[in-house]
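Colleague:
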Amino acid sequence: GRRRTRADLTTNAGPHSLCGTKWAKMFSIERATVEDVDRVKQVLSETWVATYADHLSRSTIKQVTTQWHDPRLLRSQIEKPGDYFAVARDDGTIIGLITVVVSNRDELHLSRLYVRPAYQGTGIGSRLLDAALASYPDATVIRLEVEQRNAKGHAYWRNRKFVDIGTKLEQIGTDEIAMITMERRLK
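At position 15 of the sequence shown the residue is numbered 22 (the numbering used here), and the sequence of numbers has no breaks.
1) Tell whether a beta-carbon distance below 8 Å holds between A39 and L104.
2) Whole beta strand (DSSP E) runs in the region 109–144 with 3 or more residues, listed along the chain?
3) Assuming contact is defined by CB atoms lying nearer than 8 Å, are V148 and G132 in contact in what I supplied?
4) Along the alpha helix (DSSP H) that carries L193, what are the first and last residues, could you check?
5) List the endpoints of the continuous alpha helix (DSSP H) containing D45.
6) Excluding five sequence neighbours on each side, which residues of the same chain lie with their C-beta closer than 8 Å to the C-beta of D182?
7) Measuring alpha carbon to alpha carbon, tell me which residue in M186, A138, L140 is nearest N157.
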């Protein structure tokens, strides 16, 4: 079997305001399995629509959620040794996920971190990031890209000690978008 890490242990999410009610839930962060693929795709589709509907065309969102979130691709990412693909679960339901890939021996690339809209602002994203970073104790830097018009996402990463290091234009579907590259030094 796979070696368990601290990140696989149940984490107390603490009390938060969710949909107008106070809740104190336990959620777990664990490595995704191939059995999670359909639920992971559902979370990705839900969060992509919520995040990008205001500034990407419907056709681009549909293309991304069809191609980038294809179950075969997700399965291969989950099974890839050395990369970190984890989910946060609330009573068995996937409420967030993260994918981190090793780009060089000590450099990481955070390719995705998404939390279902109803759970955003509860600390789940930060816990997912912390769990991923704990899996790579020798890493010196982690980089990511955030869509320039995604002000909420950009602010989120700045609050987690990421700094802008550049921008580039990317063609995604029928949209040309500006991507901000950010990084956080770990050592």
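Glycine residues also receive a C-beta, built at the ideal position from the N, C-alpha and C atoms.
Modeller: Here's the rundown:
1) Position 32 of the sequence shown, counted from the first residue, corresponds to residue 39. Position 97 of the sequence shown, counted from the first residue, corresponds to residue 104. Yes, Cβ-Cβ distance for A39 and L104 is below 8 Å.
2) 114–122
3) Taking the sequence shown and counting its residues from 1, the one referred to as residue 148 is at position 141. Taking the sequence shown and counting its residues from 1, the one referred to as residue 132 is at position 125. It is not a contact, given that the beta carbons lie outside the stated cut-off.
4) Counting from 1 along the sequence shown, the entry for residue 193 is found at position 186. It is not in any alpha helix (DSSP H) - L193 carries neither H nor E in the DSSP assignment.
5) Here residue 45 corresponds to residue number 38 of the sequence shown, with the count starting at 1. 44–59 is the span of the alpha helix (DSSP H), which, as asked, contains D45.
6) For the purposes of this step, residue 182 is taken as residue 175 along the sequence shown, with counting starting at 1. If we look at D182 and ignore the five residues flanking it on each side, its Cβ neighbours are L63, S64, T67.
7) Here residue 157 refers to the residue found at position 150 of the sequence shown. When only C-alpha atoms are compared, the closest one is M186.
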